[in-house]
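Order-wise, the sequence lines are chains A and B.
Each residue of the first sequence is one higher than the last, beginning at 1 in the UniProt record's numbering.
Each residue of the second sequence is one higher than the last, beginning at 1 in the UniProt record's numbering.
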Amino acid sequence: MDQLSDEEVEVRDEEEEEEDSDKDDQDLDKMFGAWLGELDKLTQSLDDGRPEQPPQQEAPLRQETNMANFSYRFSIYNINEALNQGENVDLDALMADLCSIEQELSTCDSLTLTESIRTPPSRLQVRQKAPTGHHGRPALASNFSLDDITAQLEKASLSMDEAARQTSSHSLSSRQHRRTGSVGTVSEHEARSIVHSSRSSVTSASRVSVNSASSMDSLDSVLRSSESDGQQPSVMPSAEGEEQAAKLKAENIRVALEKIKEAQVKKLVIRVHLSDESSKTMMVDERQTVRQVLDSLLEKSHCGYSPDWSLVETINELQMERIFEDHENLVENLLNWTRDSQNLLMFTERIEKYAVFKNPQNYLLGRKETCEMAERNKEALLEECFGGSSVSVPEMEGVLWLKEDGKKSWKKRYFLLRASGIYYVPKGKAKASRDLVCFLQLDHVNVYLGQDYKSKYKAPTDYCMVLKHPQIQKKSQYIKYLCCDDVRTLQQWIHSIRIAKYGKQLYINFQEAMRRTEAAYDWSSLSSSSIKSGSSSSSLPESQSTHSSQSDSGVSEMTSSGHARSQSVVSSVFSDAWRRGTQGEFKSVHLLCTYSTQIYKRY
Amino acid sequence: MFSSVTVEDLGSDAPPVTLSVDSGLHVGGVILKLVEKTQIKRDWSDHALWWEQKQRWLLRTAWTLDKYGIHADARLVFMPQHKPLRLGLPNGITLRLRACFSSSVFQTVMGICRMLNIRHPEELSLLQPVEEKKKKKDKNSAEEIYDLTEVPLSSASRPCLYNGMPAHFADSPQMEAIYKMLSVTQPPPAPEVIAKQYRAASVVDKAHIHGRWLDSSRCLLQQGIQENSRLWLRFKYFAFYDMEPKYDVVRLTQLYEQARWAILLEDIDCTEEEMMLFGALQYHISKVSQSEPQMLSSSAAMDDLESALQSLEVKMEGESNDMSNVIVCFRPKRMTLKGYKQYWFKFQDTSISYFKSKEESIGEPIQQINLKGCEVAPDVNVTAQKFLIRLLIPAPEGMNEVYLRCENEQQYAQWMAGCRLASKGKSLADSSFQSEIQSIRSFLAMQKTSSGTHGNAPANDESINTHSLVSPRYHKKYKAKQLTPRILDAYQNVAQLSLTDAVMRFLQIWQALPDFGLSYVVVRFKGSRKDEVLGIGPNRLIRIDLAVGDVVKTWRYNNMKQWNVNWDIRQVAIEFEGNINIAFACVTADCKIVHEFIGGYIFMSTRSRAKSDTLNEELFHKLTGGHEAL
């Protein structure tokens with residue numbers, strides 16, 4: 001509770017759910033272990049009913065590498081639809097349904113489909129058949145014309161609607177069970193999805209009675225709107241509205257695709273450590289960028305908006321850390337951690353994160369001394385370096401200490417940075433480009449900051465950087481250690497390597513971060529209520545995650561809070577749209593808006 | 001008074017036509033009289049009077065002879081303003097076309113670019129070619145010249161497009177072929193051709209070439225360029241604005257060609273790794289441009305839907321992933337396990353798993369390895385029938401090295417393609433799988449032929465001598481077949497690029513080279529007693545010490561306050577913020593060239609602010625004209 005702000009408490013009424021967000025890792029671990037046991041059983045029983053499942057998925061694989069793909073380290077849990085109390089998740093569920101229907105469309109005759117949807121039991125059979133049918137099926141796009149697909153989608157949404165109206169809470173539960181199973185078969189990481197889908201079925205089964213009311217509501221509303229979407233083209237006179245109809249169809253397909261994607265999203269619960277030694281637990285979905293996670297953390301923690309807030313990965317075993325770049329995918333990075341990892345994810349302010357853009361003259365000009373520069377000139381310099389069609393990599397070169405592979409000694413070499421990688425000058429040669437020896441290329445490595453290497457590795461100074469593949473987590477000859485004479489050189493190198501590696505993206509990240517900072521100031525002038533609702537809804541995933549880790553105690557509130565929630569979802573969606581008013585985001589914002597209006601209609 | 005005018009069209013032997021004129025007569029009147037006297041009926045509209053002694057066109061027909069200061073002794077020539085020129089393009093092709101000899105070179109280039117459909121002509125200019133050695137004469141006869149002199153002169157700012165090309169190229173199949181020549185990249189040159197080309201050996205050599213740019217503010221005739229002279233059209237200012245593959249087919253192609261030759265002739269320095277990547281891109285570009293001849297893209301909206309449907313397709317295919325079962329040999333690089341052992345391998349999604357035998361493949365694998373994020377490197381020697389795939393698989397403990405040895409080319413191509421896709425997180429069901437196999441096979445074919453013919457065969461479509469892709473330095477350093485695996489290594493990262501993307505990637509890497517965009521002039525700094533080199537880049541000036549070859553000082557245009565040219569003593573003086581003043585005299589080039597470079601780059605940088613399609617010619621002239629502009 002201690003990290004919760006007053007505001008959040010004020011808005012939400014499920015405070016006690018928060019309680020264990022600060023519990024020991026041990027507790028969570030134990031619970032996770034228990035879950036795993038349950039899951040094993042469930043997986044087996046699931047497999048019994050699914051003979052077409054490839055054999056190697058039955059048991060944990062004897063895979064030495066990339067363990068991360070199917071196991072989770074103790075500070076990260078995958079919780080998917082187990083937590084389907086909120087509207088968010090109901091939408092997910094719906095999309096999953098749409099997805100599986102989409103699949104059936106391509107296998108079965110649309111007539112039988114309608115039939116099967118009307119009667120839940122038979123639908124069950126169809127679904128189970130579906131995976132086997134896929135093998136012989138030709139690619140969809142080649143087989144179906146645009147019209148076919150749309151027509152089928154329309155039918156699907158219609159029948160979905162009907163089915164939804166007919167289903168009782170009982171059938172809903174059975175559907176959830178199956179749905180999650182079928183999602184698993186579509187997704188890439190089959191093993192993983194099966195694991196959590198089966199888990200979800202456990203939890204959802206126990207909660208159906210409570211959930212059904214709220215989830216049915218939202219289900220219905222979304223369905224109704226997709227129905228009206230679908231009907232539009234058929235009503236339209238064919239002669240003159242043809243082009244528009246085509247557009248609408250295309251839009252429908254897009255929405256459907258979006259839904260399909262949505263349905264396959266996995267979510268992780270992560271623990272984020274704050275600089276005051278406390279920590280927060282939150283849920284992130286696998287598509288979220290570091291920027292998005294930072295945004296939600298910032299909204300929750302009320303620590304003042306600054307572009308310097310960073311998510312920092314610390315690898316304790318190797319004594320190194322790295323600031324995640326805003327555009328990176330957080331989950332992807334965290335999956336590189338091993339099961340028994342001591343790694344931490346820190347949420348903290350780091351002025352060096354965007355130092356390049358605040359004082360470009362100190363990094364981009366290859367100067368040895370720091371200096372001041374007029375703001376106008378800074379902008380011009382940044383525009384010059386990042387505005388063109390290609391990014392000019394800062395001219396970094398100089399003597400650095402290199403720790404030899406597997407040896408304890410450090411040797412001096414003259415290094416140069418180029419867009420194509422880091423090079424050094426071989427002994428007895430001039431530094432002509434053609435004679436340079438490639439030390440490493442930057443595609444596969446990240447640059448880390450080494451900590452206290454003087455004592456750990458007998459480095460000449462404590463200003464060390466490390467280059468390694470993100471998946472390497474333990475001591476290895478494939479990790480390269482470089483040591484600089486002073487902190488300034490070190491920072492220049494690290495920033496220059498980042499520029500060489502990410503190029504313009506880095507500048508875009510910075511501009512985006514600045515835009516948000518400005519937006520945050522604007523927001524503070526708006527009415528406080530809208531901010532409150534925004535923040536309450538965005539912290540929703542957290543309450544869900546903690547909720548699930550409890551035994552079924554807090555269930556009773558769910559119905560009562562349902563109404564308030566969907567409102568808050570709406571406002572957060574709009575605030576999101578407001579904040580992300582950029583071109584690129586437009587599509588997703590548009591999508592969000594269609595959802596929110598559907599929810600809105602109900603009230 | 002009497003005035004004698006030579007009429008060019010009457011032939012060089014014909015005596016000058018003598019006219020009796022009044023000094024108050026305007027130039028138009030003189031021309032009228034002249035035409036009447038020749039008694040030739042034709043279109044004289046392009047003709048004008050040229051004053052030979054003063055090296056000056058008399059273009060203002062309303063001005064009187066008096067106003068021009070013309071007396072009886074003036075030698076006037078009556079000739080067309082547009083004359084044929086032999087124009088060498090960056091891709092090595094020579095065109096014969098009509099260029100304007102009476103307007104400033106800047107406008108002449110604009111006209112040429114309009115004809116050739118190149119946007120942003122301000123980035124290009126004309127360069128006097130390096131004198132070719134005498135022995136070239138026999139070769140010269142073989143050189144093909146593409147004739148464009150029949151193209152009507154138009155003044156429209158943007159030619160109307162027909163079939164994606166300017167209307168005058170759509171007239172006949174011959175013209176269409178010329179346009180194809182302009183817009184499609186040339187096949188890699190034979191290694192001997194590269195070796196024979198002039199290569200600037202030092203910065204000073206390069207400086208001499210940069211001294212050959214024509215003056216943009218004066219016309220061709222004023223600079224001694226005669227009819228049918230040979231000139232090079234080149235990108236001069238390395239600040240490429242608003243590159244749009246949709247409209248810039250010719251521009252991109254020619255820019256690519258210029259960059260490619262700069263790399264091949266070591267006009268710009270790069271590392272060996274970079275050279276291999278450039279080589280791989282050249283190979284890829286030449287291969288793809290044969291299969292997809294035009295850099296044209298369909299409408300954006302269709303693309304969008306197309307990709308949406310494609311992703312749907314992928315989603316649907318998701319689980320019908322092909323499994324291909326092949327026997328491969330395998331060696332985990334461990335101390336205990338020496339040599340190769342045979343296993344039954346299975347490829348699924350992005351993982352490979354292996355079994356003792358095919359029979360056991362139903363059960364649990366000995367090991368399963370996910371290839372996502374791994375590095376894949378080839379180790380191939382076709383003649384020795386060695387087909388190794390080296391996998392470097394990241395793991396928490398470091399990188400695991402695994403070698404897969406394939407039996408034959410076919411198997412190798414399949415597994416290599418699979419590994420590459422898997423390393424990018426794509427499964428075998430991905431649509432690019434087949435094309436990936438195809439490109440690997442064609443690359444192997446290349447190794448076969450290049451080792452067989454000792455690199456002497458001219459490039460045909462299937463096989464390219466790898467020596468055609470790198471600079472002569474590497475011809476000496478590596479044999480063609482040694483080069484193949486190195487280029488193949490770099491090639492795997494670019495093999496999936498479309499033609500446009502590959503060209504753009506090439507240009508990006510070129511632009512990221514440290515010495516990119518530098519033009520050199522040998523100068524003598526004020527107060528210094530030795531020659532030094534001034535490098536002029538798109539955003540900065542650098543001072544290079546000739547003795548050491550190092551950059552000793554960098555000045556950026558951003559903090560430049562003003563620059564002046566003293567035309568009398570031919571000295572350039574520049575003032576930077578913070579009371580930094582430099583002054584120098586130019587040795588290898590006229591100071592007008594330096595002035596034009598600096599002013600030109602300043603002009604290029606103003607373009608982003610004034611985002612309009614019309615070219616601010618006046619501003620360019622102001623910034624680069626020098627005393628003529630005043």
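For every residue, glycine included, the Cβ atom is placed at its ideal position computed from N, Cα and C.
{"Item": "Sort L388(B), W50(B), W232(B) and A239(B) by Cα distance to S125(B) and report the nearest one.", "Value": "W232(B)"}
{"Item": "Check distances from the C-beta atoms of the stretch 413-441 of chain B to those of chain E and list, in chain order, the residues that come in under 7 Å.", "Value": "This model lacks chain E altogether, as its protein chains are A and B."}
{"Item": "Taking CB distances under 8 Å as the criterion, tell me whether S311(B) reaches chain A.", "Value": "Because S311(B) sits at a pLDDT of 49, beneath the cut-off of 50, its placement in the model cannot be relied upon, and the following sentence gives the value as read from the coordinates. It does: the Cβ of S311(B) has a partner Cβ on chain A nearer than 8 Å."}
{"Item": "Rounded to whole angstroms, what's the CA-CA distance from R86(B) to Q186(B)? Just pull it up for me.", "Value": "19 Å"}
{"Item": "Near H273(A), which residues of its chain fall below 6 Å by C-beta distance, leaving aside the five closest residues on each side in sequence?", "Value": "S279, L344 and M346"}
{"Item": "Does the Cβ of N564(B) have 16 or more other Cβ atoms within 10 Å, making it buried, or fewer, making it exposed?", "Value": "exposed"}
{"Item": "Could you tell me the alpha carbon to alpha carbon distance between R540(B) and I602(B), rounded to whole angstroms?", "Value": "10 Å"}
{"Item": "My output table needs one value for G398(B): the three-state DSSP class, helix, strand or coil.", "Value": "strand"}
{"Item": "What whole-angstrom Cβ distance do D379(B) and P485(B) have, given they're in contact under 8 Å?", "Value": "7 Å"}
{"Item": "Could you give the distance in angstroms between the alpha-carbon of T614(B) and the alpha-carbon of L59(B)?", "Value": "25 Å"}
{"Item": "According to a CB-to-CB cut-off of less than 9 Å, which residues of the stretch 509-533 of chain B neighbour chain A?", "Value": "I509, W510, Q511, A512, L513, P514, D515 and F516"}
{"Item": "State the DSSP-derived secondary structure class of T253(B), mapped to helix, strand or coil.", "Value": "helix"}
{"Item": "Using a Cβ-Cβ distance cut-off of 8 Å, determine whether Q270(B) contacts chain A.", "Value": "Reading off the sequence shown, one finds Cys at residue 270(B), where the question assumed Gln. At least one chain A Cβ lies under 8 Å of C270(B)."}
{"Item": "Tell me which residues share the same chain as G318(B) and place their Cβ nearer than 6 Å to its Cβ, disregarding the 5 neighbours each side in the sequence.", "Value": "Residue placement at G318(B) cannot be trusted, given a pLDDT of 40 that sits under 50; what the coordinates show is reported in the next sentence. Result list for G318(B): empty, nothing under 6 Å."}
{"Item": "My understanding is that R98(B) touches H82(B), with C-beta atoms under 8 Å, so please give their C-beta distance in whole angstroms.", "Value": "4 Å"}
{"Item": "List the endpoints of the continuous beta strand (DSSP E) containing L76(B).", "Value": "L76 to P80"}
{"Item": "So that I know if they touch, is there some Cβ in chain B lying closer than 8 Å to that of V312(A)?", "Value": "no"}
{"Item": "Below 8 Å CB to CB, which residues in the same chain sit around N377(A) once its five sequence neighbours on both sides are set aside?", "Value": "Q361"}
{"Item": "Distance check for A380(A) and R516(A), CA to CA, integer angstroms please.", "Value": "22 Å"}
{"Item": "Kindly indicate which residue of K501(A), D295(A), Y481(A) and E277(A) has the alpha-carbon position closest to the one of Y457(A).", "Value": "Y481(A)"}
{"Item": "Below 8 Å on C-beta distance, what does Y457(A) contact in chain B?", "Value": "Simply none; closest approach about 16 Å."}
{"Item": "Can you tell me where the beta strand (DSSP E) with N370(B) in it begins and where it stops?", "Value": "Q367 to N370"}
{"Item": "What residues of chain B sit near K474(A), judged by a beta carbon separation below 8 Å?", "Value": "P396, E397 and G398"}
{"Item": "Should I494(A) go down as buried or exposed, given a rule of 16 or more other Cβ atoms within 10 Å for buried?", "Value": "buried"}
{"Item": "According to the neighbour-count rule (16 or more other Cβ atoms, all chains shown, within 10 Å of its Cβ), is V487(A) buried or exposed?", "Value": "exposed"}
{"Item": "Which one of E532(B), V30(B), I509(B) and S528(B) has the shortest CA to CA distance from Y520(B)?", "Value": "E532(B)"}
{"Item": "Taking the C-alpha atoms as reference points, what is the distance between A250(A) and L388(B)?", "Value": "46 Å"}
{"Item": "Is the Cβ-Cβ distance between C419(B) and V376(B) less than 8 Å?", "Value": "yes"}
{"Item": "Please list, in chain order, all residues of the same chain as Q451(A) whose beta carbon is under 6 Å from its beta carbon, the five residues on each side excluded.", "Value": "Q319"}
{"Item": "Could you check whether the stretch 313-330 of chain A touches the stretch 466-475 of chain A, counting it as contact only if at least three pairs of C-beta atoms, one from each stretch, sit closer than 8 Å?", "Value": "yes"}
{"Item": "For the stretch 561-589 of chain B, list the alpha helix (DSSP H) runs that are entirely contained and at least 4 residues long, ordered along the chain.", "Value": "none"}
{"Item": "Pick out the complete alpha helix (DSSP H) segments inside the stretch 317-380 of chain A, 4 residues or longer, and give them in chain order.", "Value": "330-334 and 355-358"}
{"Item": "Relative to the alpha-carbon of H467(B), which residue among I209(B), G69(B), V193(B) and I112(B) has its alpha-carbon at the smallest distance?", "Value": "V193(B)"}
{"Item": "Rank K287(B), F238(B), L623(B) and L428(B) by C-alpha distance to the C-alpha of L499(B) and give the top, closest one.", "Value": "K287(B)"}
{"Item": "Could you work out which residues of chain B lie near Y478(A), taking near to mean beta carbons separated by less than 9 Å?", "Value": "L392, P394, G398 and M399"}
{"Item": "With 16 other CB atoms within 10 Å as the buried threshold, where does F238(B) fall?", "Value": "buried"}
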